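Student:
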Amino acid sequence: MAVLVLIPTPLQKFTADESSAEVEASSVNGLLQALEGRYPGILSRLCDEGGKLRRFLNVYVNSEDIRFLENQETPLKDGDEVSIVPAVAGG
Amino acid sequence: MPLLASSYYCGSSVTATLSRSTFTGLRCKECGHPYGAGAKHVCEDVCFGPLEVVYDYDLIKSRVSRATIEAGPVSIWRYREFLPIEGDPIDVGTGFTPLLKANRLAKRLGLKNLYIKNDGVNMPTLSFKDRVVSVALTRAKELGFTTVSCASTGNLANSTAAIAAHAGLDCCVFIPSDLELGKVLGTLIYNPTLMAVKGNYDQVNRLCSEVANTYGWGFVNINLRPYYSEGSKTLGYEVIEQLGWQLPDHIVAPLASGSLFTKIRKGFDEFIKVGLVDEKPVRFSGAQAEGCSPIAQAFAEGRNFITPVKPNTIAKSIAIGNPADAPYAIDIANRTGGTIAAVSDEEIVAGIQLLAETEGVFTETAGGTTIAVLKKLVEQGKIDPSETTVAYITGNGLKTLEAITGAVAEPLTIEPQLASFNAAWERAQALHRANPKPLA
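These protein sequences, in sequence, are chains R and D. Counting the first sequence from 1 gives a position; this note's numbering is that position plus 163. Counting the second sequence from 1 gives a position; this note's numbering is that position plus 189.
1. For V237 of chain D and chain R, any beta-carbon pair shorter than 7 Å?
2. For L167 of chain R, return the contacting residues in chain D, with the cut-off set at a CB-CB distance below 8 Å.
3. What runs of the beta strand (DSSP E), each 3 residues or longer, lie entirely inside the segment 366-441 of chain D?
4. Scan the segment 223-249 of chain R for residues whose Cβ lies nearer than 8 Å to a Cβ of chain D and list them as they occur along the chain.
5. If I measure Cβ to Cβ from E331 of chain D and keep anything under 8 Å in the same chain, skipping five residues before and after, which residues do I get?
6. My guess is that V337 of chain D and L358 of chain D are in contact by the Cβ rule of under 8 Å, so how many angstroms apart are they, rounded?
7. Suppose the cutoff is 6 Å on Cβ atoms and the five residues either side in sequence are ignored; what does the same chain contact list for E239 of chain D look like?
8. P171 of chain R by DSSP, collapsed to three states: which one?
9. Okay, do the segment 498-511 of chain D and the segment 454-471 of chain D touch, 3+ Cβ pairs below 8 Å being the bar?
10. Among residues of its own chain, excluding the 5 on either side of L216 of chain R, which ones have a beta-carbon nearer than 7 Å to its beta-carbon?
11. If contact is defined by three or more beta carbon pairs under 8 Å, each pair taking one atom from either stretch, is the segment 613-621 of chain D in contact with the segment 398-417 of chain D?
12. What residues in the segment 204-225 of chain R bring their beta carbon closer than 9 Å to a beta carbon of chain D?
13. With distances taken from CA atoms, which of D:G447, D:L465, D:Q542, D:E241 is nearest I495 of chain D?
14. According to DSSP, what are the bridge partners of Y223 of chain R?
15. Would you mind stating whether T335 of chain D and D308 of chain D have Cβ atoms separated by less than 7 Å?
16. Residues in the same chain with beta-carbon distance under 6 Å from T154 of chain D, minus the five sequence neighbours each way, listed in chain order, please.
17. For R218 of chain R, which of helix, strand or coil comes out of DSSP?
18. Given that T172 of chain R touches chain D, what residues does it touch there, using C-beta distances under 7 Å?
19. With 7 Å as the threshold, decide whether the Cβ of V191 of chain R is near any Cβ in chain D.
20. Verify whether the separation of the beta carbon atoms of P173 of chain R and V428 of chain D is less than 7 Å.
21. Give the interface partners of R395 of chain D over in chain R, defined as CB-CB distance under 8 Å, in chain order.
22. Checking contacts by CB at 7 Å: is V186 of chain R closer than that to chain D?
23. By the 9 Å beta-carbon criterion, what residues does the segment 217-251 of chain D contribute toward chain R?
24. Would you say I521 of chain D faces chain R, with C-beta separation under 7 Å as the test?
25. Please check if any C-beta of chain R sits within less than 7 Å of the C-beta of I411 of chain D.
26. Starting from the N-terminal side, write out each stretch of the beta strand (DSSP E) that is 3 residues or longer and does not extend beyond the segment 498-556 of chain D.
27. With a Cβ-Cβ cutoff of 7 Å, do Y244 of chain D and F212 of chain D count as a contact?
28. Work out the CA separation of E536 of chain D and G475 of chain D for me, nearest whole Å.
29. Strictly below 7 Å CB to CB, what residues from chain R border Q392 of chain D?
30. Examine the Cβ distances between the segment 288-303 of chain D and the segment 574-589 of chain D and report whether three or more of them are shorter than 8 Å.
31. Which stretch, first to last residue, makes up the beta strand (DSSP E) that contains K296 of chain D?
32. Should the segment 591-604 of chain D be called in touch with the segment 375-388 of chain D, which here means at least 3 C-beta pairs below 8 Å?
33. Alpha carbon to alpha carbon, how far is V166 of chain R from E187 of chain R?
34. Just curious, the beta strand (DSSP E) that R216 of chain D is in, first and last residue?
35. I need the straight-line Cα distance from Y264 of chain D to E604 of chain D, nearest angstrom please.
36. Taking the CB atoms as reference points, tell me whether C339 of chain D and N410 of chain D lie closer together than 7 Å.
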């Protein structure tokens with residue numbers, strides 16, 4: 164199942180400056196592993212030692228924050244778009 | 190070290206301020222990893238924590254005193270040694286807003302030493318956002334940006350568009366499409382490109398992060414965020430100075446992303462650090478709307494992390510469901526013995542009315558939230574009546590007229606004749622007798 168991942172600028176050093184990638188994954192966890200398979204080293208930036216997404220990173224599936232879904236267990240299907248976005252403040 | 194252009198300083202203050210910067214770079218607030226002073230906001234080499242500005246406090250201490258600050262411009266730039274800029278600031282008169290001794294409101298609430306810090310009359314766009322934007326756009330120019338941008342709940346859009354116009358920068362701002370008319374027109378008048386996004390603020394913010402990835406713009410609250418957020422420290426400095434170089438005992442401020450709250454604390458800490466004010470405990474209490482209260486919920490449940498929410502409140506200016514600085518705000522409330530509370534939309538409107546009727550200050554929904562929480566904390570015995578309490582009013586009510594429509598009385602429409610007035614006046618008096626005003 165091909166999923167489009169939008170890669171934020173700070174992570175593009177791992178992706179040879181590509182701003183998006185298509186990977187095969189059936190869940191967010193699977194996607195993180197797939198990214199590591201393709202871009203070695205990226206996982207340790209995204210997750211802590213326990214495999215949990217770092218707290219200042221937000222992940223969205225089709226614009227929905229995965230904390231409103233099933234967190235890292237959130238299932239993915241063909242054609243989904245996943246955004247990885249460092250937290251920002253504002254107002 | 191060149192002197193600043195004398196056009197924006199007056200008289201003897203010219204000799205008191207030098208243009209050499211006092212900041213040395215950025216570092217991660219979480220892991221301490223250092224970065225250069227560029228347009229960067231997250232710790233991309235290690236942990237994605239937020240970056241903050243690093244200062245040389247010895248240098249600051251050698252340059253400032255109460256006298257040099259008092260001789261400075263009547264704006265945030267009297268504190269320029271504490272702000273992350275290198276050259277001449279964009280000075281549109283931002284800051285040094287009134288600190289009002291709120292005797293009538295205090296009496297109504299049962300307090301003795303209550304002050305209102307009124308940023309609803311800030312310049313140029315009547316909210317505290319003028320502080321952060323003045324700093325961010327000054328730094329944006331220094332970093333070579335020609336287009337500036339932001340994700341906004343309204344006030345930030347107003348301010349970014351206005352100060353960009355003044356500075357001659359191109360501007361494209363993003364807002365949720367359901368904002369109050371005053372905030373939309375109050376942005377468009379400066380002729381930026383305004384993107385009204387069909388979604389809530391958190392969705393706007395995510396979109397902007399993606400735009401920031403591909404467009405070489407200076408987003409004040411994204412890649413310029415370390416500089417931008419420092420502007421809020423001036424709300425701490427000013428209160429100290431306006432209280433006669435003293436800290437208050439307790440502050441109450443609205444919480445949206447949590448940034449303002451943490452920067453007021455940082456402002457207090459910096460003045461203590463360089464010896465401008467004596468240290469003493471200050472309690473920090475935060476105000477949220479029940480319809481968007483992820484920080485209050487986390488605080489109540491003893492968590493230091495939030496569960497994001499989807500906002501549903503009239504307090505749109507503080508409707509951030511995924512607040513980035515929440516862990517820091519919760520930590521400050523806990524460490525200082527403060528609290529974080531939420532109030533209903535009805536209480537927010539009542540808070541707006543209470544402040545207006547007692548002090549002649551018309552605030553927007555964020556200010557109504559602050560006053561309603563202040564009232565709640567007094568009722569709960571969480572504010573000592575004799576302590577010096579400062580409530581931060583961060584925006585102007587004329588921008589959110591929708592919030593009070595239906596809550597205030599209607600005008601009495603009369604004919605241009607004395608008899609018509611007499612009859613109407615009698616009716617008004619009868620109404621007042623039926624609904625007498627509180628004494629305070």
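Glycine included, every Cβ here is placed at the ideal spot set by N, Cα and C. Note that the structure is predicted; figures quoted are calculated from it, not measured.
Tutor: For this structure:
1. Within the second sequence, the letter at position 48 stands for residue 237 of chain D. Correcting the residue type first, residue 237 of chain D is Phe in the shown sequence and not Val. True, the Cβ-Cβ gap to chain R drops below 7 Å.
2. Indexing the first sequence from 1 puts residue 167 of chain R at position 4. Those within 8 Å of L167 of chain R in chain D number zero; the least Cβ separation is about 12 Å.
3. 382-386
4. Y223, S226, D228, R230, F231, S246, V248, P249
5. Mapped onto the second sequence, residue 331 of chain D falls at position 142. Excluding residues within five positions, the ones whose Cβ falls inside 8 Å are I274, E275, G276.
6. Numbered from its first residue, the second sequence carries residue 337 of chain D at position 148. Numbered from its first residue, the second sequence carries residue 358 of chain D at position 169. At roughly 5 Å, the Cβ-Cβ gap stays under 8 Å, so V337 of chain D and L358 of chain D are in contact.
7. Within the second sequence, numbered from 1, the residue matching residue 239 of chain D stands at position 50. Strictly speaking, residue 239 of chain D in this sequence is Pro, with Glu absent from that position. The residues are K218.
8. Residue numbering aside, residue 171 of chain R sits at position 8 when the first sequence is read from its first letter. DSSP places P171 of chain R in coil when its eight states are reduced to three.
9. no
10. For the purposes of this step, residue 216 of chain R is identified with residue 53 of the first sequence, where counting begins at 1. Closer than 7 Å at the Cβ level, and outside the excluded window around L216 of chain R, lie L209, C210, V222, Q235.
11. With the cut-off at 8 Å, the segment 398-417 of chain D and the segment 613-621 of chain D do not touch.
12. R208, L209, D211, R217, R218, F219, L220, N221, Y223
13. On the second sequence, position 306 is the one that residue 495 of chain D refers to. Cα-wise, what sits closest to I495 of chain D is D:G447.
14. For the purposes of this step, residue 223 of chain R is taken as the residue at position 60 of the first sequence. Y223 of chain R pairs with R:D228, R:S246.
15. As a first step, residue 335 of chain D is located in the second sequence; it is residue number 146 there, counting from the start. As a first step, residue 308 of chain D is located in the second sequence; it is residue number 119 there, counting from the start. The answer is no: Cβ separation not under 7 Å.
16. Since the first residue of chain D shown is 190 and the last is 629, residue 154 of chain D is not available in this structure.
17. The count along the first sequence starts at 1 and reaches residue 218 of chain R at position 55. Here R218 of chain R sits in coil by DSSP.
18. Working through the first sequence from its first residue, we reach residue 172 of chain R at position 9. Chain D residues near T172 of chain R: N402.
19. Translated into positions along the first sequence, residue 191 of chain R becomes position 28. Output row for V191 of chain R: interface = no.
20. Position 10 of the first sequence holds residue 173 of chain R. Position 239 of the second sequence holds residue 428 of chain D. For P173 of chain R and V428 of chain D, no; Cβs fall outside 7 Å.
21. As a working note, residue 395 of chain D is residue 206 in the second sequence. N221, Y223, S226, S246, V248, listed in chain order.
22. Position 23 of the first sequence holds residue 186 of chain R. For V186 of chain R, the answer is no, since every Cβ of chain D falls outside 7 Å of its Cβ.
23. E219, K229, H230, V231, C232, E233, D234, V235, C236, F237, G238, P239
24. For the purposes of this step, residue 521 of chain D is identified with residue 332 of the second sequence, where counting begins at 1. Not one chain R Cβ lies under 7 Å of I521 of chain D.
25. The count along the second sequence starts at 1 and reaches residue 411 of chain D at position 222. I411 of chain D has a beta carbon lying within less than 7 Å of a beta carbon in chain R.
26. 529-532
27. Locating residue 244 of chain D in the second sequence gives position 55, counting from the first residue. Locating residue 212 of chain D in the second sequence gives position 23, counting from the first residue. Closer than 7 Å, so yes.
28. In the second sequence, counting from the first residue as 1, residue 475 of chain D sits at position 286. In the second sequence, counting from the first residue as 1, residue 536 of chain D sits at position 347. When rounded, the distance between both Cα atoms is 15 Å.
29. The residue labelled residue 392 of chain D in the question sits at position 203 within the second sequence. The contacting residues are S226.
30. yes
31. On the second sequence, position 107 is the one that residue 296 of chain D refers to. Careful: K296 of chain D lies outside any beta strand (DSSP E), inside the alpha helix (DSSP H) at 292-298.
32. no
33. Mapped onto the first sequence, residue 166 of chain R falls at position 3. Mapped onto the first sequence, residue 187 of chain R falls at position 24. Each residue's alpha carbon lies about 6 Å from the other.
34. Position 27 of the second sequence holds residue 216 of chain D. It spans 212-217 - the beta strand (DSSP E) in which R216 of chain D sits, taken as one unbroken run.
35. As a first step, residue 264 of chain D must be located in the second sequence, where it is residue number 75. As a first step, residue 604 of chain D must be located in the second sequence, where it is residue number 415. Before going further, note that residue 264 of chain D is Ser rather than Tyr in the sequence given. Cα to Cα, S264 of chain D sits roughly 47 Å from E604 of chain D.
36. For this step, residue 339 of chain D is matched to residue 150 along the second sequence. For this step, residue 410 of chain D is matched to residue 221 along the second sequence. Taking 7 Å as the Cβ cut-off, C339 of chain D and N410 of chain D qualify as a contacting pair.
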